Each structure stands twice: as C-alpha cells, then as structure tokens.
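A.B. asks: Dropping the structure in here first, questions after.
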Amino acid sequence: MTTVAVLGGGIGGLAASYYLCKSPQVTKVVVLESSSRFGGWLWSTRRSDGAVFEHGPRGIRPAGDVGRNTLNMVDDLGLGGEILPVSSSHVASKSRYVYVNQQLHRMPSGLSGLLRPVPPFSRPLLLSLAMEILVKKGEEEDESIHSFVSRRLGKELADIAVDSLCRGVFAGDSRKLSVRSCFPVLYDAEQRRGSLTLGMLLGSGPAPVVPPGPLAQRSIQESWAQWSLSRGLESLPESITEYLQQSGRVQLHREAAVQRISPSASGWKISLEDGVMSADHIISALPAKALSCILPPSSCRPLVQLLQHISTVTVAVVNLEYEGAVLPVAVMMGGAWFQEVFGAPEAATEEHLLARATEAVRRQLGVATAPSWSRVALQRDCIPQYHQGHRQGVESMRRFIGENRLPLALVGASYDGVSVNDVIFSGRTAAEEMLGAV
Ligand SMILES: Cc1cc2nc3c(=O)[nH]c(=O)nc-3n(C[C@H](O)[C@H](O)[C@H](O)COP(=O)(O)OP(=O)(O)OC[C@H]3O[C@@H](n4cnc5c(N)ncnc54)[C@H](O)[C@@H]3O)c2cc1C
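Residue numbers (numbering that gives the first Met the number 0): 0 to 437.
Okay, structure coming up:
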C-alpha cells in the first residue's frame, strides 16, 4: 500500500500524478491544490465567439527528449486532434523582430542573413560563428548568460540577441541568469566540444532516450517549430485531470492549501486547514518559496534556506484584440524590471498596465487604433529566476533530502527548467525515481 501526496496541481503536479497512476505499485495518489482550479499558469480564456487568449504559456516546442515526451502524453490523452502546429517554414517562425534604438529589426534568417551584416548587427553572423571556434574554453563552474555569450560570440550578440531572448523566455536579466541552468545545451557544447559552433555541427548533447510516438513523428516530418492547442493550452491540464479522475486511483482536491508537512515514522504528516492526512511519499510541485514555508523550519533549515534563495519575477500579461486585419497581440511586461518600471506589483493598476501595453503596440508596431477588447492579468511571482549557482543549489537540496532519507521529490519550474516541457518531464522523472525506490 503506497500513498503518494502530490502538492500543487499545476502542470508539474498533474504530470507527476499522471505518470504515477500508470504504475500498479501506487495504491493511491492525492493531489492537493490551494486554488479553485488545476493547471497553475496554464490558463486560457475561451470566448463564446471562438477566440482564445492565453494568460500564461502560449507555445510549446516539440524538439528534444522533453518535447517528444510531452507530445507522447498529448497523444495518449487523445488531444492530437486539437494540435495547432507552427512549422519552421511558417512566416511566424521566420519573422522574428527585436526592438533596438526605437526601431524594429528583423532578425537574420537563411543563408543571406548569415553572410552579410544585417542591422542592428554590424558584422555577419557567420563570421561570429566561425571565430567562435577559436575562443578558448571558459574555466568557471557557472557564468551569466551575458558574460558567456560576450566571451564566445561577442558583446553585440550578447547585448541584443541574447538579452532579448532572456527577456522573452525568462522575463529575466541575461547579466544575472545562469548559462548552465538556463541554456544547458550551450554550456554542454562548450564543455564537450570546446565551441558552440562545433557543438551545433557535431552534436554535443546526450543521446535521445524518449522514442517519438506518432504525434512526435509527425512533428519531425512536418518540421514543427512549436505548437499549441485549438481551445488553448489549458486543455492540457483539463485533459490530465479528466484522465486522473477516470483512473479511480487519484483523489483531486481543490481549495486544499497545504499548511505544514512534517516527517513521521512512516512518511509524512500533512496539515491542511481542515485536518491532517498521512502519506508515504510527497512529490512537491509547489513553487520553491511555497515549499519553504511549509517545511519544518528547524530540522529542514538548510533545505528551507536553499529554497528561499530562488527568486521569482512578476509579469503583466496584457491581451489585446484589434478590429480588422491586425493580429491579436499579447504584451508581456515587467519581469526582472517590474519594480523599476511599474513600482510595487500590489500598487499597479489594470488601467495603467493596459495603457502602457497599448502605447507599446502603437509605438513599436504602428497600430494606432484602440483595441476592441483587452484583458490584463498580473501574474505575480510567476517565473523562477535561475541565477548563477542555481544548479549547485538544486544539487545541494537533493543531497540534503537523500542524506536525511526524506521521502520527498522536487518537481516543477523552480528546479530543472521553466518550460512546460521541462516541468512535465520533471514530473515524470520524480514519479519514476519514486517508483524505483518503492
Ligand atoms: C506569463 C507566462 C508565460 C509563459 N510562457 C511559456 C511558453 O510560452 N512556453 C512554455 O513552455 N512555458 C511558458 N511559461 C512557463 C510555464 O508555463 C511554467 O513554468 C509552468 O506552467 C510552471 O508549472 P508548475 O506546475 O511548476 O507551477 P505552477 O503552475 O505555479 O503550479 C504550482 C501550483 O501549486 C499551487 N500551490 C501553491 N502553494 C500551495 C500550497 N501551499 N498548497 C497547495 N497548493 C499550492 C498553486 O496554486 C499552483 O497551482 C510561461 C509562464 C508564464 C507565467
């Protein structure tokens, strides 16, 4: 008889439960979610006229083990018919812009973009890549993304291309984010091949371990760059929840905030507002700070301190819809600069955020009319920041858990990658490791 309590019903907790309930070794899985809905940041508005607006993630990449793994899950859940792929040759994949010096610039693509200097860059990308081969390997155990790219490819690429990439993906500051934790592919390429260019040409990652199912095979044949779902990405947690309910072995509790967990002779005691429950194992899919608040503060002090060290940023997501042939746009603002630009999140008003987003669309995209529909969502503390040393911190947490024989696994965006794919894969890894130890 093994009971596993999964704390947090975001995509990480749901994914861990999905993999657990595939094993006959687990008798019961209890999912405890503090809010009134499952899915966490996967949150879509579906309007009655069919329009869909995302307030959290909007695109998932199909590539790599983690990408194939999610597509295999989507297949298994019967969601394949709802997939909305964007191929690499689609105009949306080829047309990427950066806003530099009050001007939009199309990022270089194709061979001609590599061979000649394309503004805002002053030299051909191919030259930077060729010269990168000659740069000697760094000696630091970890380094900021900005410093790593400046060293290997030049300051201009670090200042413009990579800085905007970090703002787009992590809502974070490339001068603080860790290359090893945020872009392990780049870090590994330097470690194994001595160069990013050689890493790209010769391959530098580990051999793939997740075989592609039919949907993942389709993504390869059709060369998808990313995908979404026709009724919004929230369909994914909705489908997993339905699957878990039908399994008969998973209890799903909403509005069940975990207040404290304490190790007991047979596992854990879990305190909720309206009672106490026991579990043999805990999979925590809570944000790191939330976990740090419910652990015993004295016996788990080193773990609590490490968890509290992981900071997060707040992002305002403003969905705008315009009449006519203008695309719906989502403006994401703030991140590592939220406080600097808007002040304290609790003081930011929807009117002010909407006005700033509309102004950015007017100035940067030249859309002069007022939006016909809008929605402002202030996503507080929504993206963990993997600053330099993050990986070592997570290793220390897992070492503490192992040395103290705590039946506890850490899942979710705070540890091993912030993308939806990474989070789902972390749920799978924790479930498999726990099943291996049962
Ligand atoms: C605006 C935005 C845009 C993004 N865009 C993309 C994208 O395009 N592509 C992509 O791949 N990724 C994207 N991401 C990242 C990705 O969506 C997240 O990293 C991922 O959804 C995090 O999932 P999680 O389960 O780890 O955490 P969460 O979604 O935070 O889930 C944790 C859950 O724990 C619950 N909880 C907290 N405290 C307690 C408690 N004490 N007891 C019980 N439950 C508790 C919370 O209510 C929550 O439901 C984006 C994220 C954001 C915010």
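Built from N, CA and C at the ideal position, the CB exists for glycine as well.
All values reported here derive from a predicted model rather than from experimental measurement.
Quick check: the Cα distance between residue 356 and residue 382, rounded to an integer number of angstroms?
C.D. replies: Cα to Cα, the separation comes out at about 20 Å.
A.B. asks: Provide the residue(s) that pair with residue 96 in DSSP beta bridges, ordered along the chain.
C.D. replies: Answer is 105.
A.B. asks: Which class does residue 10 belong to by DSSP, given the choice of helix, strand or coil?
C.D. replies: Residue 10 falls in the helix class under three-state DSSP.
A.B. asks: Could you check whether residue 146 and residue 389 sit closer than 7 Å to each other, using their CB atoms as the reference points?
C.D. replies: No, the Cβ-Cβ distance between residue 389 and residue 146 is not below 7 Å.
A.B. asks: Comparing alpha-carbon positions, which option in 53, 212 and 9 lies nearest residue 316?
C.D. replies: Answer by Cα proximity: 53.
A.B. asks: Measuring alpha carbon to alpha carbon, tell me which residue in 194, 295, 66 and 176 is nearest residue 335.
C.D. replies: Nearest of 194, 295, 66 and 176 to residue 335, Cα basis: 176.
A.B. asks: So, residue 4 versus residue 430, is the Cβ gap smaller than 7 Å?
C.D. replies: No, the Cβ-Cβ distance between residue 4 and residue 430 is not below 7 Å.
A.B. asks: So the beta strand (DSSP E) residue 288 belongs to, where does it begin and stop?
C.D. replies: First-last for residue 288: 287–293, but that is the alpha helix (DSSP H), not the beta strand (DSSP E).
A.B. asks: For residue 370, list the residues DSSP reports as bridge partners.
C.D. replies: Residue 370 is not bridged to any residue.
A.B. asks: Quick check on DSSP: helix, strand or coil for residue 150?
C.D. replies: The answer is helix: DSSP assigns residue 150 an H, G or I state.
A.B. asks: Would you say the beta carbon of residue 310 is closer than 6 Å to some non-hydrogen atom of ligand 1?
C.D. replies: Flag unset: Cβ of residue 310 not near ligand 1.
A.B. asks: Using only the alpha-carbon positions, how far apart do residue 442 and residue 8 sit?
C.D. replies: With the chain covering 0 to 437 only, the question about residue 442 has no answer from this structure.
A.B. asks: Which same chain residues end up closer than 7 Å to residue 405 when comparing Cβ atoms and leaving out the 5 residues on each side of it in sequence?
C.D. replies: So the qualifying residues of the chain are 262.
A.B. asks: Could you tell me which of 371, 338 and 339 sits nearest to residue 353, measuring between CA atoms?
C.D. replies: Nearest C-alpha to residue 353: 371.
A.B. asks: Is it a yes or a no for the stretch 228–242 touching the stretch 36–44, going by three-plus beta-carbon pairs under 8 Å?
C.D. replies: Touching, per the Cβ criterion.
A.B. asks: Contact check, residue 57 vs residue 227 under 8 Å by CB: the rounded distance?
C.D. replies: Confirmed, about 6 Å.
A.B. asks: Using the three-state DSSP reduction, which class does residue 326 fall into: helix, strand or coil?
C.D. replies: Here residue 326 sits in coil by DSSP.
A.B. asks: Would you mind working out which of 46, 299 and 10 sits nearest residue 32, comparing C-alpha positions?
C.D. replies: Nearest option by C-alpha distance: 10.
A.B. asks: Please report how far the alpha carbon of residue 250 lies from the alpha carbon of residue 278, in whole angstroms.
C.D. replies: Their Cα atoms are separated by approximately 13 Å.
A.B. asks: What distance in whole Å lies between the Cβ atoms of residue 225 and residue 314, which are believed to be in contact at a cut-off of 8 Å?
C.D. replies: Actually they are not in contact, since the Cβ atoms of residue 314 and residue 225 sit about 19 Å apart, beyond 8 Å.
A.B. asks: For residue 148, would you say it is in contact with chain D, using Cβ-to-Cβ distances shorter than 7 Å as the test?
C.D. replies: The chain inventory of the structure shown lacks chain D, comprising one protein chain alone.
A.B. asks: In angstroms, rounded to a whole number, what distance separates the CA positions of residue 127 and residue 153?
C.D. replies: Cα to Cα, the separation comes out at about 7 Å.
A.B. asks: Kindly list the residues whose CB is nearer than 8 Å to the CB of residue 296, restricted to its own chain and excluding five residues on each side of it in sequence; keep chain order.
C.D. replies: These residues qualify, in order along the chain: 303.
A.B. asks: Are there three or more Cβ pairs, one per stretch, closer than 8 Å when the stretch 74–91 is compared with the stretch 209–226?
C.D. replies: The answer is yes - the stretch 209–226 touches the stretch 74–91, with three or more Cβ pairs under 8 Å.
A.B. asks: Taking the straight line between their C-alpha atoms, what separation do you get for residue 329 and residue 298?
C.D. replies: Cα-Cα distance, rounded: 45 Å.
A.B. asks: Look at the alpha carbon of residue 312 and the alpha carbon of residue 341, and state the distance between them as a whole number of angstroms.
C.D. replies: Near 13 Å, if we compare the C-alpha coordinates of residue 341 and residue 312.
A.B. asks: By DSSP's criteria, residue 278 is part of a beta bridge. Which residues make up the other side?
C.D. replies: Residue 278 is bridged to 267.
A.B. asks: Compute the minimum distance between the beta carbon of residue 430 and the heavy atoms of ligand 1, and state whether it is under 6 Å.
C.D. replies: False, no ligand heavy atom lies under 6 Å from that Cβ.
A.B. asks: Can you tell me whether residue 167 is buried or exposed, with buried defined as 16 or more other CB within 10 angstroms of its CB?
C.D. replies: Under this definition residue 167 is an exposed residue.
A.B. asks: Taking the C-alpha atoms as reference points, what is the distance between residue 260 and residue 2?
C.D. replies: Looking at the two C-alpha atoms, the distance is approximately 15 Å.
A.B. asks: Locate the beta strand (DSSP E) running through residue 1, then write down its first and last residues.
C.D. replies: Run containing residue 1: none; DSSP gives neither H nor E here.
A.B. asks: With DSSP as the reference, identify every bridge partner of residue 260, one or two as the case may be.
C.D. replies: Bridge partners of residue 260: 269.
A.B. asks: Does DSSP put residue 84 in a helix, in a strand, or in coil?
C.D. replies: Strand at residue 84.
A.B. asks: Using C-beta distances below 6 Å, list every residue in its chain close to residue 84, excluding the 5 sequence neighbours before and after it, in chain order.
C.D. replies: Once the five neighbours on either side are set aside, the close Cβ partners of residue 84 are 223 and 226.
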